[in-house]
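Participant: Structure below; questions to follow.
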């Protein structure tokens, strides 16, 4: 489990329960034989992260010098029997709030998987006591490197490998681009403690950031040039990896047109796309739909070409973004789309539309000009007004709005844009 870092505060005699007489304080630090220091819960870093820990009875073990190292003068301890302490507690939940009750009665001495009291042995990810298998080491060479990352990417695209305990780094029962990204993060930053903050390097598990909304949507379909573009809206974070599928065409090749992501876009004959940046490059943040890849196809196979499914999108913080298909997510075949801008003074993008709980209106406002956004009913009666908005988006909550169609108007010094938005 993740735990706090035991930082070096004052080490001093705060209690002498064994008959010792304290002599050390913050000015002359130390601990006298028979005395002890106390670290209260109010001090920084005195924590154990029990997030998602199931209710039950647990043992908390504290260890000192467990590897039996000598001191700086080469002296070893006379005995190690008192280098351990433990306490047992019951964990329960009151709703989502954890309740911890430490038990008064002594609990059984903790033993490792070999039976040694307070021992170091742990089962590896294959369940073998003191085994050498580690999570992410795809080829079992005891290393976690680019060879393993490439194996993850190949397995994600082929979708033909079992998601074992050792391989499923984001435990969801599948091997996908996010597992490859987590292993890449481990490989790149294992020795950079600042990168991990309060966490431990290569602990895996991942983080699903439900606030980092990303939309994928169809772009230009050119039946003359036989190309189809896919667009992205990622207003909150840059993107380093993705895995999604398209349908309705037979793919010849895929072209990276993001301009900022340094990665090959891989694909298979089912329409699945996958890419992962191996350096710091990324798809920069886009407040409005922006083309980032172009598919060259040999033939159309359906009445519509669609961005049909999203497996995972990974942001530059190595988090799994909340990736959604925009509505509509298909274009009708036989039509030639265009990237030429319309006559509106600035671009606007609304998702989802229709909406049930809330919808976000994104609009061009790179210079942070003051904008006014109004939501009106079909008779023109203003229901909600947002003034002096200098960001590039506004979110409408459904609230007490009945089902129906409404008009939004965004106005500023460059003019105004209106459109329809529907509540279901």
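Residue numbers (our numbering): 321 to 744. We put the CB at the ideal spot given by N, CA and C, even for glycine. All of these numbers come straight from a predicted model, not from anything done at the bench.
1) Could you give the C-beta distance for residue 568 and residue 620, rounded to a whole number, given that I count them as a contact under 8 Å?
2) Do residue 606 and residue 553 come within 8 Å of each other at the CB atom, strictly closer than that value?
3) Taking DSSP as the reference, what is the three-state secondary structure of residue 386?
4) DSSP on residue 506, reduced to helix/strand/coil?
5) Work out the CA separation of residue 741 and residue 733 for me, nearest whole Å.
6) Does the beta-carbon of residue 551 have 16 or more other beta-carbons within 10 angstroms, so that it is buried, or is it exposed?
7) Are the stretch 566 to 585 and the stretch 633 to 641 touching by the rule of at least three beta carbon pairs closer than 8 Å?
8) Mapping the DSSP letters down to three states, classify residue 469 as helix, strand or coil.
9) In chain order, which continuous runs of the beta strand (DSSP E) of length 3 or greater are located wholly inside the stretch 611 to 684?
10) Using 8 Å as the threshold, is the C-beta distance between residue 444 and residue 458 below it?
11) To which residues of the same chain is residue 660 closer than 6 Å at the C-beta, ignoring the five residues directly before and after it?
12) Per DSSP, residue 404 forms a beta bridge with which residues?
13) In or out: residue 609 buried (at least 16 other Cβ within 10 Å) or exposed?
14) Around the Cβ of residue 669, are there at least 16 other Cβ atoms within 10 angstroms (buried) or fewer (exposed)?
15) With 16 other CB atoms within 10 Å as the buried threshold, where does residue 535 fall?
16) Going by DSSP, which residues form a beta bridge with residue 691?
17) Looking at residue 675: is its Cβ nearer than 8 Å to the Cβ of residue 718?
18) Determine the extent of the alpha helix (DSSP H) in which residue 532 is found, giving its start and end residues.
19) Hey, residue 722 and residue 708 are a contact pair by Cβ (cut 8 Å); roughly how many whole angstroms apart?
20) May I ask you to verify whether the stretch 580 to 587 touches the stretch 512 to 525, counting CB pairs closer than 8 Å and requiring at least 3?
21) How far does the beta strand (DSSP E) with residue 594 in it reach, from first residue to last?
22) Between the C-alpha atoms of residue 415 and residue 394, what's the straight-line distance to the nearest angstrom?
23) I believe residue 640 touches residue 563 by the beta-carbon criterion, under 8 Å. Please report the beta-carbon distance rounded to the nearest angstrom.
24) Can you check whether the CB of residue 623 is closer than 8 Å to the CB of residue 647?
25) By the DSSP assignment, the beta strand (DSSP E) with residue 569 in it spans what residues?
26) Who are the near neighbours of residue 346 in its chain, counting only those whose CB is closer than 7 Å to its CB and skipping five residues on each side?
27) Output the distance between the C-alpha atoms of residue 743 and residue 440, rounded to the nearest integer angstrom.
28) What first and last residue would you give for the alpha helix (DSSP H) that runs through residue 421?
29) Output yes or no for whether 8 Å exceeds the beta carbon distance between residue 577 and residue 541.
30) Taking the alpha-carbon positions, what's the residue 465 to residue 504 distance?
31) Quick check on DSSP: helix, strand or coil for residue 335?
32) Are the Cβ atoms of residue 602 and residue 560 separated by less than 8 Å?
33) Within the same chain, show all residues whose beta-carbon is closer than 8 Å to that of residue 679, passing over the 5 residues directly before and after it, in chain order.
Facilitator: With the given structure in hand:
1) 6 Å
2) yes
3) coil
4) helix
5) 23 Å
6) buried
7) no
8) helix
9) 624 to 635, 640 to 645, 650 to 652, 668 to 671, 678 to 683
10) no
11) Confidence in residue 660 is poor, its pLDDT being 41 and thus under 50, which makes the residue's placement too unreliable to answer from.
12) 383
13) buried
14) buried
15) buried
16) 709
17) yes
18) Looking at the DSSP string, residue 532 is not in any alpha helix (DSSP H); the run it does join, the beta strand (DSSP E), is 528 to 542.
19) About 28 Å separates the two Cβ atoms, so there is no contact after all.
20) no
21) 592 to 596
22) 53 Å
23) With a Cβ gap of about 11 Å, residue 640 and residue 563 do not count as contacting.
24) no
25) 569 to 576
26) 330, 332
27) 59 Å
28) Per DSSP, residue 421 belongs to no alpha helix (DSSP H); it is in the beta strand (DSSP E), 417 to 422.
29) no
30) 8 Å
31) strand
32) yes
33) 670, 671, 672, 673, 715, 716, 741
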